[in-house]
Structures are given as structure tokens and as C-alpha cells.
Amino acid sequence: MKLIGKHDWLLIVLTGFLISITLLSFNNGSSYNAFVYINSEMTLKIDLTKDGTYSIMEHVVVEVKDKKIRIRESDCPQQLCVKMGWVSTPGVPIVCIPNKIMVIIETDLNNLDYDVITQ
Amino acid sequence: MKTKEITLLSVYVAMGSVLYFLETFLPLPSIVPGGRWGFSNLVLLVALPRVSLSSLLLIAAGKSTIGNILSGRLMTPGYVMGLGGAIVAVLVMWSLYRSKMSFGYLGISLTGALANNFFQLLFAGVFIMGTFRVITIFPYFALVGSISAIINALIAHRIRVKSGDFL
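Protein sequences, first through last, are from chains A and B. To convert, count from 1 in the first sequence and add 1; that's the numbering used here. To convert, count from 1 in the second sequence and add 343; that's the numbering used here.
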């Protein structure tokens, strides 16, 4: 097999297109609300303009500071959610799979740069 | 299965498992929590022109399973996600290689990485979190995956050219 085949440009363009289109569409607008999902149910809405700490479950603490959010403490074995650190981008979730927790800053539909949104 | 084929498959699985284990030590950008570079998929690329689809699936499952036993993560959600993603990636890469158009290592590697990332996140979203929302992190996973996919394609091509019948 060759390194670059005759039709490889198709796949390369497709990859670049998919990455850029998802990157653009998932990160639009600004928002100051974060939502906490436990077991895929929305359990807590956090206002990012107020600094503070929130205890979500036993041993799981979420901290808000300067419009950024992080999971400060968790009892999960690999601590991936804690290591992810501060998040301020809408649509980038902090996920803790062992505790089934997801913290995500939602894109506020009222602040988008679009004229009209059809629903 | 002939003896030569068994030997070849064993070597592929062994190399894949070791790469899978070693890459857990490589640091990753913090935007992709729990992700991995995917350098073990190099073995799948090297094997692609030489073995059948079922053997390819065996290599993918074997390297995930043995690699996870070595790093002590067997039967964790990450293992199930990785296995599912690897199997989907094998199916995609195999059908691209067998299609009538002529694709090379670079295109097949990139598409395989993309499919792998997408389906891992889909598995995580549907079966573990119960929501599709985690898919919003997909572009970051895909970007990191593309870097290692390009490196994999370059190395796999060199190995294919240099080793001939041996690997």
C-alpha cells in the first residue's frame, strides 16, 4: 500500500471538514450558566458569575471562580475529572464516568450571533 | 489456520499490546480527559494489507484486552469504549482498503482515527452517561487523534516497505 493514494485527498478533506464544522458548531455564543447532570438528569444549575463551591454528591465538590468551573474534589479512582482543571468554554464537558457526573457550560441560545433560529 | 499465520497474528497482537501499555505513560493535553494517543493502531495499519478481516478484528480485540490487563484496567468503562471504537475503526479501514478507489496509509489512518474517536464518545454517551451531550468534546479528541494518525501512517508505510514478508 502506498503512503498517499490517488483518492486520499477525499478522506483528508472529509476529516478536516468534520473537525472544523463540529469545532465551530459546538462552541458558539457565550454563557454564564453551568449545568450538572447526574445519571443524565439535570440536577443543579450553577450561576458562573458568582464564585463559590458546591457539594454535588458525597465527596464530589465543584468550584466556581472568575466565570470558570472545575471539579475540585472527587472520590473516583483515576481523578480524570479533577485533572481536567478549569473550564470556561461552552460545550466542553467535565465528565466523571465512575460517578456518572457531567458538568457542562451550556450555550445560551439568546446570545448566539444568528438572526433567527428555526425550531 | 496455518502455522505461519498463527505466528504472524501472535507477533501483531504482542506488538499492539506493548504499544497500548506503553502509551499510557505518554502525557496528553488536558482537554481530552481519559483519552489516549492511539499509537497501538499502528499494528492494525501494518497488518491491513496482509491478513483477513477476521484476523484484523482478532488483533484489535487482542491488543485492547491484553493491553488493559497489563495496565490493570480490564472491564472498566474505558476498556469497553476502546474495544468498541477499535472494532468500528477496523471495519472502516478494511472497507476503505478493499474499496475500488485507491486509498493510501495517510487517508485510511486519518479516517480510522476519526471513526474510532467518534464511536468511543458515542458509546460513552449512550451506554454510560445516557446522553449525547458528551459528543461536544469530539473535535478535540479528533484533533489529537489526527496527529497520532499521521505519525502512525508514516511509520506503518516505512515498516511495510522495509520489512517485506517478515511482518
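Note that beta-carbon positions come from the ideal geometry of N, C-alpha and C, so glycine has one too. Remember, predicted model here, so these are calculated numbers, not experimental data.
Sub-8 angstroms separation of B:L401 and B:L385 beta-carbons:
Start at 1 with the first residue of the second sequence, and residue 401 of chain B comes out as number 58. Start at 1 with the first residue of the second sequence, and residue 385 of chain B comes out as number 42. Not closer than 8 angstroms, so no.
**Request:** Starting from the beta carbon of B:Y448, find every residue of chain A whose beta carbon is closer than 9 angstroms, and list them in chain order.
**Result:** By one-based count along the second sequence, residue 448 of chain B stands at place 105. Going along chain A in sequence order, the residues near B:Y448 (Cβ under 9 angstroms) are M2, K3, L4, I5, G6, D9.
Report the rounded CA-to-CA distance for B:I502 versus A:H60, giving the unit in angstroms.
-> Here residue 502 of chain B corresponds to residue number 159 of the second sequence, with the count starting at 1. Here residue 60 of chain A corresponds to residue number 59 of the first sequence, with the count starting at 1. Using only the alpha carbons, I get a separation of about 49 angstroms.
A:M85 touches chain B at which residues, Cβ-Cβ below 7 angstroms? Position 84 of the first sequence holds residue 85 of chain A. Correct list: S373, P376.
- Item | Where the beta strand (DSSP E) containing A:E64 begins and where it ends | For the purposes of this step, residue 64 of chain A is taken as residue 63 along the first sequence, with counting starting at 1. A:E64 -> beta strand (DSSP E) spans 61 to 66.
Check: Anyone know if the C-beta pair for A:V65 and A:D52 falls short of 8 angstroms?
Finding: The residue you call residue 65 of chain A lines up with position 64 of the first sequence. The residue you call residue 52 of chain A lines up with position 51 of the first sequence. Yes, the pair counts as a contact, with Cβ atoms nearer than the cut-off.
- prompt: Quick one: Cα of B:I439 to Cα of A:S75, how far?
  reply: Locating residue 439 of chain B in the second sequence gives position 96, counting from the first residue. Locating residue 75 of chain A in the first sequence gives position 74, counting from the first residue. Residue 439 of chain B is actually Leu in this sequence, not Ile. When only Cα atoms are considered, B:L439 and A:S75 end up about 43 angstroms apart.
Quick check on A:D9: buried or exposed, where buried means 16 or more other Cβ atoms within 10 Å of its Cβ?
Taking the first residue of the first sequence as position 1, residue 9 of chain A is located at position 8. Per the 10 Å Cβ criterion, buried.
**Asked** Helix or strand or just coil, what does DSSP make of B:V394?
**Response** Stepping through the second sequence from its first residue, residue 394 of chain B is reached at position 51. Looking at B:V394 - three-state DSSP - the assignment turns out to be coil, as it is neither helix nor strand.
- Query: If you pair each beta-carbon of the stretch 345 to 353 of chain B with each one of the stretch 488 to 504 of chain B, do three or more pairs fall below 8 angstroms?
  - Reply: Contact fails: fewer than three Cβ-Cβ distances are below 8 angstroms.
- Message: Just to make sure I have the definition right: I need the residues of chain A whose C-beta is within less than 7 angstroms of the C-beta of B:L453. Which are they?
- Response: If you number the second sequence from 1, residue 453 of chain B lands on position 110. Residues of chain A passing the Cβ test: L12, I13, T16.
message: Please classify B:G410 as buried or exposed, where buried requires at least 16 neighbouring CB atoms within 10 angstroms.
response: Stepping through the second sequence from its first residue, residue 410 of chain B is reached at position 67. With 16 or more Cβ atoms within 10 Å of its Cβ, B:G410 is classed as buried.
Q. Where does B:T454 land, buried or exposed, given buried means 16+ other C-beta within 10 angstroms?
A. Locating residue 454 of chain B in the second sequence gives position 111, where the first residue counts as 1. With 16 or more other Cβ atoms inside 10 Å of its own Cβ, B:T454 counts as buried.
Separation of B:V375 from A:I20, as counted between CA atoms: To locate residue 20 of chain A, count along the first sequence from 1; it is residue 19. To locate residue 375 of chain B, count along the second sequence from 1; it is residue 32. Inter-residue distance for A:I20 and B:V375 is about 15 angstroms (C-alpha atoms, whole angstroms).
query: How would you label B:L457, buried or exposed, when you count the other beta carbons within 10 angstroms and need 16 or more for buried?
result: Here residue 457 of chain B refers to the residue found at position 114 of the second sequence. With 16 or more other Cβ atoms within 10 Å, it is buried.
* Hey, does A:V61 have any beta-carbon neighbour from chain B nearer than 8 angstroms? -> Position 60 of the first sequence, counted from the start, is the residue given in the question as residue 61 of chain A. A:V61 is outside the set of residues whose beta carbon lies under 8 angstroms from a beta carbon in chain B.
* Measuring CA to CA, which of B:F484, B:S407, B:S397, B:V469 is closest to A:I98? -> Along the first sequence, read from residue 1 onward, the residue named residue 98 of chain A stands at position 97. Per the Cα distances, B:V469.
Limits of the alpha helix (DSSP H) - the one that B:T346 falls within
The sequence position of residue 346 of chain B within the second sequence is 3, counting from 1. Looking at the DSSP string, the run of the alpha helix (DSSP H) that includes B:T346 is 346 to 365.
- Message: I need the DSSP call for A:L45, collapsed to helix, strand or coil.
- Response: Residue mapping note: residue 45 of chain A aligns to position 44 of the first sequence, counting from 1. Note: A:L45 maps to strand in three-state DSSP.
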